[in-house]
Amino acid sequence: MVYCGKPSKGCSNCRERKIRCDQREPGCGQCEKRQQQCPGYRNLVDLMFRDESSHVIKKATAKARKKKTQSPDKTTPSPTRPVPTPKTLTWSPPESSSSSSPRRLPVTPLISTSTAHKREVSVVSQLQWSPVFKFDETDRQLVKEEPELLSPVDLFPPSYYHFSPSYQERGVNLFITRYISVSENFCHHKYDFLFDLWTPGTSNEENDSVLASVTAVGLVGVAQMTRSQTALDAARKSYGKALQLTNASLRDQDEAVKDTTMLSVLILGLFEMIGGSSARTTEAWQKHLNGAAALARLRGMGQFRSRAGIRMFFMLTQNTMINCIQNELPMPKDLIHLRSQLGVMFNLKGREPGFEICNAMYNILQLRYDIKQNIVTDLDEMLDKFTEAEDDFERVVTLFPEDWQYRKYRLTQRLRPGFFNNVCHSYPSLRVSTIWNGLRTCRMLIIETMLEELRNRFLRVPVAQVPGRHQFEYQKAKFKLEKIALAILASVPQHFGLVPLDGSAQDTFAPMPTAEDVWPQIPDSSWGAELGEGGGSDPNGSDDGDDYCQSPSLNNAMQVKDVEASAKRFMLLSSVTNGLVWPLYLVGMSTASSAAMRAFVVERLHAIHDETGLAQAKELASVVESHKQSSESLGRRPRVCGSTNFVRWESQYAKGNQQTRVLPV
């Protein structure tokens with residue numbers, strides 16, 4: 001019998017969901033919240049040992065058979081010497097096996113390198129990675145929390161690594177748990193394609209940049225969970241080795257374009273993202289991102305030969321877009337061009353919702369940059385471009401397939417925890433809900449930016465001199481912003497398992513009317529209370545228009561002016577691994593958020609932390625809780641009336657006689 005380590009004490013439901021179980025008797029609180037019957041808890045003594053008799057017999061038999069087949073003149077290698085990796089397990093890149101692919105694409109030609117440069121790269125094979133994880137037996141007790149996440153897995157044959165497996169396996173295991181074997185409620189840091197490109201143990205670990213990168217990221221997680229400086233030091237050493245190996249690959253024109261090199265660069269960027277929150281860390285992450293972008297240009301169309309290569313490119317463009325939002329930059333033209341070529345290759349344009357969402361965001365990033373550079377100064381031109389972007393997003397909604405549509409419900413029972421205003425939406429899956437919320441967060445940032453531009457323009461303009469179109473656009477944008485925020489809050493219960501997908505509990509949920517949503521008819525008399533001097537735009541009398549809007553927008557997504565504080569919040573938000581946290585944070589900080597909405601956001605962020613242990617959720621809950629913004633400073637919200645059409649604009653404001661309904665948000 002062999003001791004298998006400390007097993008999880010939680011019930012099977014909590015273990016399956018990978019959340020902490022409070023182990024209450026007779027059933028846990030997590031199951032009670034989901035209105036499920038708790039299956040109870042396992043006998044831990046029985047689980048601590050596993051019968052390995054058959055495995056030992058098989059191993060001994062194989063060893064004896066091997067001795068018989070060996071010739072007498074051969075000597076058995078010393079047990080202290082590392083066993084070399086067999087040639088049959090040498091790693092080969094996916095491109096080498098792409099002859100069966102229906103289409104081969106040429107790789108973009110590379111700049112030639114000197115012979116001396118190539119000789120320099122050959123030194124990589126001679127580098128010796130000294131064991132950085134050789135610790136004494138007491139270090140094997142490092143991980144006390146979440147043992148079910150960190151139990152050893154049989155990924156690495158013991159003969160193919162020669163340093164203590166306790167740290168390496170913990171790092172790799174945690175990476176797999178957090179970034180590969182994850183639920184649908186996960187955001188863009190998902191490396192479930194990793195094993196399509198890389199197989200553990202099939203290459204010399206001393207020269208395996210992917211293994212070193214994965215270990216480094218995983219050990220950062222171990223260090224954060226256990227507050228262990230030793231684990232953090234080991235993570236940094238592994239990171240240093242991964243960086244050395246990756247840089248060596250980048251100096252070789254054949255190695256540079258391999259998928260594993262791009263994979264290593266992306267994972268190293270993830271290390272910078274989760275490993276710190278200072279301005280220096282942000283700068284290091286941006287350098288990794290710039291390097292990955294340069295590598296994508298180098299790889300050209302050849303990187304789209306495999307599904308994993310496409311996934312990495314989309315991951316790169318997603319991270320680049322986040323970086324551009326933070327640094328007020330437009331999206332790089334060459335990445336947009338590569339993405340457009342990919343869209344043509346697979347006929348994505350006008351058909352794939354996610355593809356169109358990003359295109360709309362790229363246009364807005366360019367508009368923001370043009371405004372900052374005084375290339376676009378006319379307010380009407382700005383409003384036209386903002387409206388075009390909103391039209392693009394509404395067109396994306398029409399591309400959603402029928403089975404992506406959600407249903408609206410209202411609770412028939414008394415107010416229950418986890419629901420805002422007793423309303424909820426039911427989606428076909430959490431993945432679909434996350435896609436909808438991703439679209440909504442983009443729209444919220446755009447609308448907040450539009451509102452900010454309008455407020456700043458008319459801060460010192462008398463109400464009577466504010467053009468009617470601008471007053472109308474301002475109120476319409478606020479109305480739309482509130483609807484989007486409420487839709488995000490209505491999606492929250494399903495992410496906590498409070499809304500059944502199988503149609504059960506019909507006595508608890510009543511379908512809501514499906515009448516078309518329409519823009520309100522906004523009477524002229526209410527416009528003066530919104531935009532202009534003395535109209536409620538700056539109740540505190542501040543001379544600085546930037547101080548008024550305290551909500552995240554494309555002009556200031558982090559809502560802090562200090563460089564260090566901005567970097568800390570940026571890395572905090574960027575490293576979040578739960579797809580619900582960012583939408584909740586944005587709603588809590590929005591101008592559309594009432595005191596009740598903010599309180600709900602704070603409570604749900606704390607609930608995410610309690611159920612999953614996600615530290616970022618707790619920190620962001622504190623940020624929202626301390627957000628000082630008075631709902632009265634927003635003036636009156638637009639009144640919703642029964643009209644199904646716009647009130648007709650005056651001819652100088654309207655682009656034709658439009659009758660407009662609001663698409664689902």
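Take 1 as the starting number for the sequence shown in full-length UniProt numbering and just add one per residue. Glycine included, every Cβ here is placed at the ideal spot set by N, Cα and C. Just so it is clear, the structure is predicted and the values come from calculations on it, not from any experiment.
Distance from the CA atom of Pro330 to the CA atom of Asn323, rounded to whole angstroms, is 10 Å. Here Ala464 is exposed, its C-beta having fewer than 16 other C-beta atoms within 10 Å. In the three-state DSSP reduction, Val423 falls in the strand class (E or B). With at least 16 other beta carbons inside 10 angstroms of its own, Val581 counts as buried. Proximity of the region 203–212 to the region 223–232 falls short of the contact definition, fewer than three beta-carbon pairs being nearer than 8 Å. For Pro583, the enclosing alpha helix (DSSP H) begins and ends at Val581 to Met589. In the structure shown, Tyr409 falls within a strand segment according to DSSP collapsed to helix, strand and coil. Phe313 and Gln303 have their alpha carbons spaced roughly 8 Å apart.
Out of Leu445, Val214, Ala296 and Gln326, the CA that lies nearest to the CA of Lys190 is found in Val214.
In the DSSP assignment, Phe509 forms a beta bridge with Leu411.
Counting only residues of its own chain and dropping the five nearest sequence neighbours on each side, Gly418 has a CB closer than 6 Å to the CB of Pro493, Phe496 and Leu498.
In this structure Met345 is exposed. Its beta-carbon is surrounded by fewer than 16 other beta-carbon atoms within 10 angstroms.
Inter-residue distance for Lys372 and Asn327 is about 12 Å (C-alpha atoms, whole angstroms). Taking Asn421 as reference, the option from Val623, Arg598 and Cys21 with the minimal CA-CA separation is Arg598. Rounded to the nearest angstrom, the gap between the Cα atoms of Tyr239 and Gly309 is 23 Å. Between Ile357 and Val396, the C-beta spacing is below 8 Å.
Sequence-distant partners of Cys31 (beyond 5 residues in either direction) whose C-beta falls short of 6 Å from its own C-beta, in its chain, are Asn13 and Cys38. Look at Phe304 here: in three-state DSSP terms it is helix. Scanning its chain for C-beta atoms nearer than 6 Å, with the 5 sequence neighbours on each side dropped, one finds around Leu379 the residues Arg457, in chain order.
Take the alpha-carbon of Ser626 and the one of Arg299: they are about 46 Å apart. Judged by pairs of C-beta atoms under 8 Å, the region 470–477 does not touch the region 584–592, as fewer than three such pairs exist.
Taking 8 Å as the cut-off, the beta carbon of Ile488 is found closer than this to the beta carbon of Pro583.
Between the alpha carbons of Lys241 and Ala212 lies a distance of about 7 Å.
Residue Asn173 holds the alpha-carbon nearest to the alpha-carbon of Leu219 among Gln253, Phe193 and Asn173. In terms of CA proximity to Lys18, Tyr179 leads the group Glu448, Tyr179, Pro26 and Tyr167. Contact annotation, Ala389 with Ile446: C-beta distance approximately 6 Å; criterion of less than 8 Å satisfied. Taken atom to atom, the span from the alpha-carbon of Leu481 to that of Arg469 is near 18 Å.
In the structure shown, the three-state DSSP call for Tyr41 is coil. Under the three-state reduction of DSSP, Leu399 is assigned to helix.
With contacts defined as CB atoms closer than 8 Å, Gln341 and Met301 qualify as a contacting pair.
With 16 or more neighbouring CB atoms inside 10 Å of its own CB, Gln168 falls in the buried class.
Closest option to Glu452, judged by alpha-carbon separation, among Tyr409, Leu554 and Asn359: Leu554. In the assembly as shown, Phe600 is a buried residue. Its beta-carbon has 16 or more other beta-carbons within 10 Å. Note on Gln413: under 16 other CB atoms within 10 angstroms of its CB, so exposed under the neighbour-count rule.
Burial state of Lys349 is exposed, judged by a 10 Å Cβ sphere holding fewer than 16 other Cβ atoms. Trp285 sits in a helix when the DSSP states are folded into three classes.
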